[in-house]
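Visitor: Once you've had a glance at the structure underneath, I'll fire off some questions.
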Amino acid sequence: MVTPRIHTVGQLFGLLDEVVDGSERGDRAGEAAAGFWAELLTRPGHPLATRLPDEALVDWYERGLLGDLDGARVLDIGCGGGRNSRWFAEQGAVVVGIDLAEGLLEQVRPSMPASVALSKVDVVRDEVPAGPFDLVYDPGCFHHIAPHRRITYLERVLPSVGRRFAIVTFAAERMETPDDREIVRSGDTQGGMAFSLDDLTRIFRVLDPVELRAVRTDREGTFGADFLNAGLFTR
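Here the sequence shown is numbered in our numbering, starting from 1028 and rising by one per residue.
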């Protein structure tokens, strides 16, 4: 049987999906990774198994850079166990949290504030909740998405941004990271890709940068790691 020649972007992306899916450390942003994330985010002693909100979020909020969250509509992409969704709700926001790990969402849903709605969504393959949102927040999904699917992410997520977009990623300035060419050839994302502050500025260039910086580790009551960068943008 002759394989049809590629002639659409969808077919090309499908082929690249197969390359990534074929690697043991390939697609950590697809449905097949749901069990991986559910285990990791509940593993005793793991840094991500925390209820603390992200350091950058708390800092930006206290400095007035997130605006008034009371009544604001927030989309939390890759919400995991809902630690940031809960924090947003405590500030008065109405939150839609999306994640792959449906089992984990079922566990934490009963303990969430009434203003938090959690849904199983693959951000690059399923329908993204309808915007616009006052704030779209990605606490660590983007750096697990394969290079070609970043395009899909941008096409799906950016239209939902009403006022602000914020993101946390692995920091290329402070850790080794696989080259996109290597990933496209091998499918191996090596556990996640890191982005420099300049990378984030270029990738999200349709938005206006407010602050891009390294995540700090010295703020009590928050989650921060020295291998992370954070970026805040407005439309």
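Beta carbons are placed, not taken as given, at the ideal position from N, Cα and C, and that holds for glycine.
1. How would you label GLY1105, buried or exposed, when you count the other beta carbons within 10 angstroms and need 16 or more for buried?
2. If I follow the unbroken beta strand (DSSP E) through GLU1238, where does it start and stop?
3. According to DSSP, is LEU1127 part of a helix, a strand, or is it coil?
4. Can you tell me which of the three DSSP states ASP1149 falls into?
5. Would you decide whether VAL1195 is buried or exposed? Buried here means 16 or more other CB atoms lie within 10 Å of its CB.
6. With the cut-off set at 9 Å, would you say ARG1212 and LEU1162 are in Cβ contact?
7. Nearest-angstrom Cα distance between GLY1089 and ARG1190?
8. Closest by CA to GLU1058, which one among ARG1136, LEU1127, GLY1158 and SER1187?
9. Apart from the five residues just before and just after VAL1188, which ones in its own chain have a Cβ nearer than 6 Å to its Cβ?
10. Who are the near neighbours of PHE1115 in its chain, counting only those whose CB is closer than 6 Å to its CB and skipping five residues on each side?
11. Can you tell me where the beta strand (DSSP E) with ILE1172 in it begins and where it stops?
12. Can you look up THR1228 in the DSSP assignment and give me helix, strand or coil?
13. By the three-class DSSP mapping on this structure, what secondary structure does PHE1254 have?
14. Which class does VAL1122 belong to by DSSP, given the choice of helix, strand or coil?
15. Which of the three DSSP states is assigned to LEU1075 in this structure?
16. Please report the distance separating the alpha-carbon of VAL1143 from that of PRO1031.
17. How would you label MET1202, buried or exposed, when you count the other beta carbons within 10 angstroms and need 16 or more for buried?
Guide: Straight from the coordinates:
1. Start at 1 with the first residue of the sequence shown, and residue 1105 comes out as number 78. With 16 or more other CB atoms across the displayed protein chains lying within 10 angstroms of its CB, GLY1105 is buried.
2. For the purposes of this step, residue 1238 is taken as the residue at position 211 of the sequence shown. It spans 1235-1241 - the beta strand (DSSP E) in which GLU1238 sits, taken as one unbroken run.
3. As a position in the sequence shown, residue 1127 is number 100, starting the count at 1. Coil, per DSSP.
4. Here residue 1149 refers to the residue found at position 122 of the sequence shown. In this structure, ASP1149 counts as coil in the three-state DSSP scheme.
5. By one-based count along the sequence shown, residue 1195 stands at place 168. Burial call: buried.
6. Numbered from its first residue, the sequence shown carries residue 1212 at position 185. Numbered from its first residue, the sequence shown carries residue 1162 at position 135. Not closer than 9 Å, so no.
7. In the sequence shown, the residue the question calls residue 1089 occupies position 62. In the sequence shown, the residue the question calls residue 1190 occupies position 163. The sequence given here has Glu at residue 1089, not Gly. Going by the C-alpha atoms only, they are around 18 Å apart.
8. Position 31 of the sequence shown, counted from the first residue, corresponds to residue 1058. Nearest C-alpha to GLU1058: LEU1127.
9. Here residue 1188 is taken as the residue at index 161 of the sequence shown, counted from 1. Answer for VAL1188: VAL1163 and ARG1262, listed in chain order.
10. On the sequence shown, position 88 is the one that residue 1115 refers to. Counting only Cβ-Cβ distances below 6 Å, and skipping sequence neighbours, we find VAL1101 and VAL1122.
11. Your numbering for residue 1172 matches position 145 in the sequence shown. Taken as a continuous stretch (DSSP letters only), ILE1172 belongs to no beta strand (DSSP E), as it is neither H nor E.
12. One-based indexing of the sequence shown puts residue 1228 at position 201. Correct three-state label for THR1228: helix.
13. For the purposes of this step, residue 1254 is taken as residue 227 along the sequence shown, with counting starting at 1. DSSP places PHE1254 in coil when its eight states are reduced to three.
14. Your numbering for residue 1122 matches position 95 in the sequence shown. Looking at VAL1122 - three-state DSSP - the assignment turns out to be strand.
15. For the purposes of this step, residue 1075 is taken as residue 48 along the sequence shown, with counting starting at 1. Assignment of LEU1075 by DSSP, reduced to helix, strand and coil, places it in the coil class.
16. The residue given as residue 1143 occupies position 116 in the sequence shown. The residue given as residue 1031 occupies position 4 in the sequence shown. Answer to the nearest angstrom: the Cα atoms are 45 Å apart.
17. Translated into positions along the sequence shown, residue 1202 becomes position 175. Counting Cβ neighbours within 10 Å, MET1202 comes out exposed, since fewer than 16 surround it.
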